[in-house]
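Chemist: Shown below is the structure under consideration.
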């Protein structure tokens, strides 16, 4: 789901994560691989600081913003579902070329934390294959991701509608861009941006680092899922619960298979369908809440 709400109100699937030794070395160091797949000692405190910094410049900060924003919405006059959370709207109304430029810049800069997290793995010598973000299984990643998207997308929509009708969720407007030629391409790019940012940082990076720091899989999974739910709080309870459940599912799949490729595909499809679908269905079907 969209995470920039503040702008607008490994080698194979069955190998899993065992191809890289990510267990902590001693009490004060964590593993770092060399060219032969071994991990050199690295101060534990540096990885702890790294995790906090990566989250602090990305989705951790978004979570803090979203929680405060939701408290503000709860204390505002009027029903909560009458308030609106816009995900993709014009950055320069009436100026399409400037609008397009700002949309592209916003998408590009939002991806920087994901590239930062990937850089950390490359710096350590592990490479992108460590989290299954490679091109070794494109067909499998695409098919598995598409199936996952079909299963999760409908459930997420149902949770949103339940929360909205119960009065605990804002009216989410996934797309409100002007009717110009670049509207659909920008919405698709925005969906891919969300998928890459969230799955790289909250799943691939965070779960890998927490395992290196000695956390149990269940503890790390709960932390990752809570973070994912928290930065969607600006949408309301439905956004939090739906993404918490999604985080538990996606995180467990990663822990068992060691690949975020299918998760990026699934997340991209879910958001693209939501953004583009809303564009064409808003006001045309009675069951879809509109602002």
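Numbering (my numbering), first residue to last: 247 to 537.
Positions of the beta carbon are idealized from the N, C-alpha and C atoms, including for glycine.
Being a predicted model, the structure only gives us computed values, none of them experimental.
Do residue 515 and residue 395 come within 8 angstroms of each other at the CB atom, strictly closer than that value?
Modeler: Yes. Within cutoff.
Chemist: Going by beta carbon distance, what residues of the same chain come within less than 6 angstroms of residue 494, once the five residues before and after it are set aside?
Modeler: Cβ neighbours of residue 494 beyond the five flanking positions: 471.
Chemist: Among residues of its own chain, excluding the 5 on either side of residue 433, which ones have a beta-carbon nearer than 8 angstroms to its beta-carbon?
Modeler: So the list reads 334, 421, 423, 518, 521, 522, 525, once near-sequence residues are dropped.
Chemist: For the putative contact between residue 504 and residue 383, defined by C-beta atoms under 8 angstroms, what is the C-beta separation to the nearest angstrom?
Modeler: Residue 504 to residue 383, Cβ: 11 angstroms. No contact.
Chemist: Return helix, strand or coil for residue 339, following the three-state DSSP convention.
Modeler: It is coil, neither helix nor strand.
Chemist: Do you know offhand how far residue 289's Cα is from residue 353's?
Modeler: Their backbone Cα atoms lie some 34 angstroms apart in a straight line.
Chemist: By a C-beta neighbour count over all protein chains shown, 10 Å radius and 16 as the cutoff for buried, is residue 499 buried or exposed?
Modeler: Result: buried.
Chemist: Which residues in the same chain as residue 487 place their Cβ atom closer than 8 angstroms to its Cβ, once the five residues preceding and following it in sequence are excluded?
Modeler: If we look at residue 487 and ignore the five residues flanking it on each side, its Cβ neighbours are 405, 409, 475.
Chemist: Taking Cβ to Cβ, would you say residue 442 is nearer than 8 angstroms to residue 510?
Modeler: Against a cut-off of 8 angstroms, the Cβ pair of residue 510 and residue 442 comes out as a contact.
Chemist: Would you check if the stretch 434–454 and the stretch 354–364 touch, i.e. whether three or more CB-CB distances between them fall below 8 angstroms?
Modeler: Segments in contact, yes.
Chemist: Identify the continuous beta strand (DSSP E) that holds residue 418 and give its terminal residues.
Modeler: Its beta strand (DSSP E) spans residues 417–419.
Chemist: Run through the stretch 308–370 for me and flag every whole beta strand (DSSP E) of 3 or more residues, listed as ranges in chain order.
Modeler: Runs of the beta strand (DSSP E) inside the stretch 308–370: 330–332.
Chemist: Going by the DSSP bridge assignment, what does residue 422 pair with across the sheet?
Modeler: Beta-bridge pairing links residue 422 to 335.
Chemist: What residues are listed by DSSP as bridge partners for residue 482?
Modeler: Answer by DSSP bridge pairing, in chain order: 415.
Chemist: Would you call residue 341 buried or exposed, if buried means 16 or more other Cβ atoms sit within 10 Å of its Cβ?
Modeler: That one is exposed.
Chemist: What distance in whole Å lies between the Cβ atoms of residue 293 and residue 458, which are believed to be in contact at a cut-off of 8 angstroms?
Modeler: The Cβ separation is near 6 angstroms, so the contact holds.
Chemist: Check residue 535 in the structure and name its three-state DSSP category.
Modeler: The answer is coil: DSSP assigns residue 535 none of H, G, I, E or B.
Chemist: By Cβ distance, which residues of its chain are closer than 6 angstroms to residue 535, with the 5 residues on each side in sequence left out?
Modeler: Closer than 6 angstroms at Cβ, skipping near neighbours: 410, 417.
Chemist: Grab me the residues of residue 501's own chain with a C-beta within less than 7 angstroms of its C-beta, minus the 5 sequence neighbours each way, in chain order.
Modeler: Closer than 7 angstroms at the Cβ level, and outside the excluded window around residue 501, lie 263, 453, 463, 467.
Chemist: Looking at C-alpha atoms only, which residue of 455, 428, 530, 477 is the closest neighbour of residue 306?
Modeler: Of the candidates 455, 428, 530, 477, the one whose C-alpha sits nearest the C-alpha of residue 306 is 477.
Chemist: Straight-line CA distance for residue 275 to residue 297?
Modeler: Note that residue 275 scores a pLDDT of 43, beneath 50, so its modelled location is shaky and nothing firm can be said.
Chemist: For residue 407 and residue 380, I'd like the C-alpha separation in whole angstroms.
Modeler: Spanning the two alpha carbons is a distance of roughly 36 angstroms.
Chemist: Would a C-beta distance cut-off of 8 angstroms place residue 414 and residue 484 closer than the cut-off?
Modeler: Yes, these two residues count as a Cβ contact at 8 angstroms.
Chemist: Quick check on the burial criterion: 16 or more other C-beta atoms within 10 angstroms. Buried or exposed for residue 369?
Modeler: Classification for residue 369: exposed.
Chemist: Using C-beta distances below 8 angstroms, list every residue in its chain close to residue 490, excluding the 5 sequence neighbours before and after it, in chain order.
Modeler: Closer than 8 angstroms at the Cβ level, and outside the excluded window around residue 490, lie 471, 472, 474, 475.
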